[in-house]
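Student: Sharing a structure with you now.
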Amino acid sequence: MNDSFLSKNLASLPSAVSEWIQTENTMVEGTNYRRVLSKTGDDTLVIDGVWIHSQFDPKKEALRFVTELPHDGTERIYLLFGAGIGYIIPYLLERPKVTILWMEPFPFLIFEAFRKFDFSEAFLSGKLILITGEHLEDQLSEAVKGKGTHPISFVPHRGSWQWKESDYVRLKHIAEQMFHKKDVNLATLTRFEKIWAKNICYNLPELSKFRPVSDLFGIAKGLKIVIACAGPSLSESIPELRKYRNQFLLLAVDTAVPILTSFGVDPDLIYSVDPQALNSQYLEDYKGEGILIFDPTSTYISLRLDKGPKKGFVTSSPFPLIQLLEKTSSGEIGSVPFGGSVSTNAASLGTLMGAEKVYLVGQDLSFTKGLAHSKGAVLEERLNYLESRKFRREKHNYKQLFALPQKQVLGNSNETYITNEKMLIFKKWFEDHTKENPWTNLTKFGAKLEGMEHSSFEREFLNVTNDSKQEKESVQNAKDLIQSKLKHNPSFFDQSILTKDLQNTITQLNEFVVLVKQGLTVSQRIYNQIKKNQINPKIFSEDIKQMDRIDEEVSQKKGLNEILSLGIQRVILTITEGYDEHLSLEEKEDPRLGVAKKSLLLYEGLFESVRSTKRMLTKSLYRLQTNL
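Now the structure itself:
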């Protein structure tokens, strides 16, 4: 063992990882651990009677295992779930074009490996990446960034798994979850890129009359908030919602609104996030007093309904297009953490409002009793108009249940429910965030949220003390205060400034489209020359110089590029993440042709985005100028 190797290895790691390893370098309690020599004289470990490496020849064992791993000379990732003291790693490092991700939950094993081998050069080059400590999923996500299409080989270390299988299985589950989530996020991003851009542009006139969601932060201190989600069991919680209604603020996701109102339960706040036009139907017949919490990417149709809520609070957005609205504001709009579904946003907002406790109801995250939606949901009610002899609502529900591969999940009484990968992502989000949030699950049936208290309405709201009257008065005061926020003058957003900014942006886009069209023409010409193998050195050189000039001018338009980027996420992912479904096999195999195609895709995407964004902003400008 070599302590100089240890120092070099620790120094080559990110400081946070290095500090964690040194701080947490303790043995697992109750572990019987000793370092011994194998028959060939190489170091190995025996932990709790388990040989972590071969007791005869650890090197030969590692080499034999490495030869069985796939490698065809192309880019590849090896994801190691444990490596003992690291015998396998030097052999993997000998392979070209590979990245080795080493996940290890036990710092003392890392110490042993660091004393045995010098990995410092591999760490510094990024060919070897150690993933350990806290936030493993985030570390893993960062490690594979830019390697979106590289094949990945999962490599479990046999000795480590024999010793502590449950800990290493957990690493495998984290990796599977992360890669599935990444696939879902990529699919979502590329599916909704254009509709998100469209909604933000078309929502600008209406949202300029809204108040910022930051007005609500801290407004419910000491109070209770119930988040009504639209899971299958929501309708079964209606009696309790009605019985204790005046003891809490009710924040409903928009999908739950028709169910609640059909039973006479009116929410105080309604959260809308979904960009699809169908979501507007949840609000189209709403006549209550509920106030909208509106994400800028939510469908613009919701704000143009003849009926339905017309006032509310707008949240900020990670998409640069929102800057057009933010620049006209008199303060911070306010951001709400996003977990992929409207219920995650609503729960986060409850915390930001300062609630003493936030309760979830109708958050089944499963197909409770074989239902995909709560009875009374819009998707179900629409079937009244679609049903025919050949299409029954039971068939629609069946299709919903099997749209994704089914998974099983345990309920709060250890009963089994059917769910799918999408809902498991939301389940994991709630479980990851419940420690720092005052959330309690009141959902009657469905998946158990690990780490989150499960309770009942009776236990939480059956109050016979003298404080009951005061609690109800506090809730009513909070409702009145929320209503009063909407009457603040002057307006939070300046419509005259927004009008001028839109005019200026449209003018810039008119000028920018000329430059982008030049880039499109030149990149097409370069691509054709390479593809046909008909390169005229003089013309090709001039085209490259012209392309460099155009690229430079385009890159200087930072503000415009940020605005336009939302509509071309698929192209951006093709270039930055290797998300290359746009590239043919020929383009993937020929590096020059692949680079030329990516340049062409960029300018095609920019050209389309400039034209569509200019058209949408022009329509919004007209609505502003005509006072809607």
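The sequence shown begins at 134 in the working numbering and counts up by one. C-beta: ideal position from N, C-alpha, C; glycine also.
Check whether the region 359 to 378 touches the region 637 to 647, counting contact only when three or more Cβ pairs, one atom from each stretch, lie closer than 8 Å.
Tutor: no
Student: Could you spell out the range, first to last residue, of the beta strand (DSSP E) harbouring Lys540?
Tutor: If you number the sequence shown from 1, residue 540 lands on position 407. Unbroken beta strand (DSSP E) run through Lys540: Gln539 to Leu543.
Student: Given a cut-off of 8 Å on the beta-carbon distance, is the pair Gly266 and Trp153 in contact?
Tutor: Taking the sequence shown and counting its residues from 1, the one referred to as residue 266 is at position 133. Taking the sequence shown and counting its residues from 1, the one referred to as residue 153 is at position 20. In contact: Gly266 and Trp153 (Cβ atoms closer than 8 Å).
Student: How far does the alpha helix (DSSP H) with Phe563 in it extend, from its first residue to its last?
Tutor: Residue mapping note: residue 563 aligns to position 430 of the sequence shown, counting from 1. Run containing Phe563: Glu554 to His566, per the alpha helix (DSSP H) assignment.
Student: Please report how far the alpha carbon of Asp136 lies from the alpha carbon of Leu225, in whole angstroms.
Tutor: As a working mapping, residue 136 is identified with position 3 in the sequence shown. As a working mapping, residue 225 is identified with position 92 in the sequence shown. In a straight line, the C-alpha of Asp136 is about 23 Å away from that of Leu225.
Student: Give the DSSP-derived three-state secondary structure of Arg351 in the structure shown.
Tutor: The count along the sequence shown starts at 1 and reaches residue 351 at position 218. Correcting the residue type first, residue 351 is Gly in the shown sequence and not Arg. In this structure, Gly351 counts as coil in the three-state DSSP scheme.
Student: So, is Gly215 buried or exposed, given that buried needs 16 or more other C-beta atoms within 10 angstroms?
Tutor: Counting from one through the sequence shown, the residue named residue 215 turns up at place 82. The residue in question, Gly215, is buried, as its Cβ has 16 or more Cβ neighbours within 10 Å.
Student: Could you tell me how far apart the beta carbons of Ser435 and Ser405 are, in whole angstroms, since I believe they sit closer than 8 Å?
Tutor: Numbered from 1 along the sequence shown, position 302 holds the residue referred to as residue 435. Numbered from 1 along the sequence shown, position 272 holds the residue referred to as residue 405. Confirmed, Cβ separation roughly 6 Å.
Student: With a Cβ-Cβ cutoff of 8 Å, do Tyr492 and Lys357 count as a contact?
Tutor: As a first step, residue 492 must be located in the sequence shown, where it is residue number 359. As a first step, residue 357 must be located in the sequence shown, where it is residue number 224. In this structure, Lys357 lies closer than 8 Å to Tyr492 by Cβ.
Student: What do you reckon, are the CB atoms on Ser187 and Thr200 nearer than 8 Å?
Tutor: Numbered from 1 along the sequence shown, position 54 holds the residue referred to as residue 187. Numbered from 1 along the sequence shown, position 67 holds the residue referred to as residue 200. No, the Cβ-Cβ distance between Ser187 and Thr200 is not below 8 Å.
Student: Does DSSP put Asp407 in a helix, in a strand, or in coil?
Tutor: The residue given as residue 407 occupies position 274 in the sequence shown. It is coil, neither helix nor strand.
Student: Should Asn666 go down as buried or exposed, given a rule of 16 or more other Cβ atoms within 10 Å for buried?
Tutor: Taking the sequence shown and counting its residues from 1, one reaches residue 666 at position 533. Exposed, by the Cβ-count rule.
Student: Determine the contact status of Ser462 and Phe673, defining contact as a CB-CB distance below 8 Å.
Tutor: On the sequence shown, residue 462 is found 329 positions in, with the first residue counted as 1. On the sequence shown, residue 673 is found 540 positions in, with the first residue counted as 1. Contact flag unset, no.
Student: Rounded to whole angstroms, what is the Cα-Cα separation between Ala144 and Ser151?
Tutor: The sequence position of residue 144 within the sequence shown is 11, counting from 1. The sequence position of residue 151 within the sequence shown is 18, counting from 1. Their Cα atoms are separated by approximately 7 Å.
Student: Can you have a look at Ala410 and say buried or exposed, based on whether 16 or more other CB atoms are within 10 angstroms of its CB?
Tutor: In the sequence shown, the residue the question calls residue 410 occupies position 277. Exposed.
Student: Flag this pair as yes or no: are the beta carbons of Leu382 and Asp401 separated by less than 8 Å?
Tutor: For the purposes of this step, residue 382 is identified with residue 249 of the sequence shown, where counting begins at 1. For the purposes of this step, residue 401 is identified with residue 268 of the sequence shown, where counting begins at 1. Going by C-beta atoms, Leu382 is nearer than 8 Å to Asp401.
Student: Measure the CB-CB distance between Gly351 and Glu489 and report whether it falls below 8 Å.
Tutor: For the purposes of this step, residue 351 is taken as residue 218 along the sequence shown, with counting starting at 1. For the purposes of this step, residue 489 is taken as residue 356 along the sequence shown, with counting starting at 1. It is not a contact, given that the beta carbons lie outside the stated cut-off.
Student: Per DSSP, which residues does His290 bridge with? Please list them.
Tutor: Here residue 290 refers to the residue found at position 157 of the sequence shown. Paired residues: none, contrary to the question.
Student: Under three-state DSSP, which class holds Pro372?
Tutor: Position 239 of the sequence shown, counting from 1, holds the residue named residue 372. Pro372: helix per DSSP, three-state reduction.
Student: Measuring only the C-alpha atoms, how far is Leu416 from Lys620?
Tutor: Along the sequence shown, read from residue 1 onward, the residue named residue 416 stands at position 283. Along the sequence shown, read from residue 1 onward, the residue named residue 620 stands at position 487. Rounded to whole angstroms, Leu416 to Lys620 spans 22 Å at the Cα level.
Student: Taking Cβ positions, are Lys443 and Tyr419 nearer each other than 8 Å?
Tutor: Taking the sequence shown and counting its residues from 1, one reaches residue 443 at position 310. Taking the sequence shown and counting its residues from 1, one reaches residue 419 at position 286. No, the Cβ-Cβ distance between Lys443 and Tyr419 is not below 8 Å.
Student: Counting only runs that start and end within the region 229 to 283, where is the alpha helix (DSSP H) found for 4 or more residues in a row?
Tutor: 240 to 249, 253 to 258 and 269 to 276
Student: Tell me whether the beta-carbon of Phe343 lies closer than 8 Å to the beta-carbon of Phe471.
Tutor: Here residue 343 corresponds to residue number 210 of the sequence shown, with the count starting at 1. Here residue 471 corresponds to residue number 338 of the sequence shown, with the count starting at 1. Against a cut-off of 8 Å, the Cβ pair of Phe471 and Phe343 comes out as no contact.
Student: Using three-state DSSP, classify Arg515 as helix, strand or coil.
Tutor: Here the question's residue 515 lines up with position 382 in the sequence shown. With a pLDDT of only 44 at Arg515, under 50, the local geometry of the prediction cannot be trusted, and the value read off the model is given with reservation. Note: Arg515 maps to coil in three-state DSSP.
Student: Would Pro429 pass as a contact of Leu757 if the rule is Cβ separation under 8 Å?
Tutor: Taking the sequence shown and counting its residues from 1, the one referred to as residue 429 is at position 296. Taking the sequence shown and counting its residues from 1, the one referred to as residue 757 is at position 624. No; because the gap between Cβ atoms is not below 8 Å, this pair is not in contact.
Student: When DSSP labels each residue in this structure, what does Gly652 get in the three-state scheme?
Tutor: Indexing the sequence shown from 1 puts residue 652 at position 519. It is helical.
Student: At the level of alpha carbons, what is the spacing between Lys690 and Val302?
Tutor: Here the question's residue 690 lines up with position 557 in the sequence shown. Here the question's residue 302 lines up with position 169 in the sequence shown. Whole-angstrom Cα-Cα distance: 48 Å.
Student: DSSP state of Ala580, grouped into three classes?
Tutor: Looking up residue 580 in the sequence shown gives position 447. Three-state DSSP puts Ala580 in a strand.
Student: Quick check for students: name the residue ranges of the alpha helix (DSSP H) that lie wholly in the region 146 to 226, counting only runs of 4 or more.
Tutor: 148 to 156, 191 to 200 and 221 to 226
Student: Using DSSP's beta-bridge definition, name the partner residues of Ala361.
Tutor: Residue 361 sits at position 228 when you count from the first residue of the sequence shown. Partner(s): Ala385 and Val494.
Student: Once the 5 residues before and after Ser521 are set aside, which same chain residues still bring their CB inside 7 Å of it?
Tutor: Along the sequence shown, read from residue 1 onward, the residue named residue 521 stands at position 388. Residue confidence for Ser521 is low, a pLDDT of 49 falling below 50, so the modelled location carries little weight; the figure read from the coordinates is stated next. Contacts found: none.
Student: For Ser546, which of Leu438, Gly579, Met556 and Asn694 has the nearest alpha-carbon?
Tutor: One-based indexing of the sequence shown puts residue 546 at position 413. Closest option to Ser546, Cα to Cα, is Gly579.
Student: Roughly how many angstroms separate the alpha carbons of Phe559 and Lys280, rounded to a whole number?
Tutor: Taking the sequence shown and counting its residues from 1, the one referred to as residue 559 is at position 426. Taking the sequence shown and counting its residues from 1, the one referred to as residue 280 is at position 147. Phe559 and Lys280: Cα-Cα distance of roughly 25 Å.
Student: Return helix, strand or coil for Glu586, following the three-state DSSP convention.
Tutor: Your numbering for residue 586 matches position 453 in the sequence shown. It is a strand residue.
Student: Excluding the 5 residues preceding and the 5 following Asn517 in the sequence, name in chain order all residues of the same chain whose CB lies nearer than 7 Å to its CB.
Tutor: As a first step, residue 517 is located in the sequence shown; it is residue number 384 there, counting from the start. Model confidence at Asn517 stands at a pLDDT of 44, short of 50, so the residue's coordinates are unreliable; what they give is reported in the following sentence. Contacts found: none.
Student: Do you know how far the Cα of Met486 is from the Cα of Pro372?
Tutor: Start at 1 with the first residue of the sequence shown, and residue 372 comes out as number 239. Start at 1 with the first residue of the sequence shown, and residue 486 comes out as number 353. Approximately 26 Å, taken between the alpha carbons.
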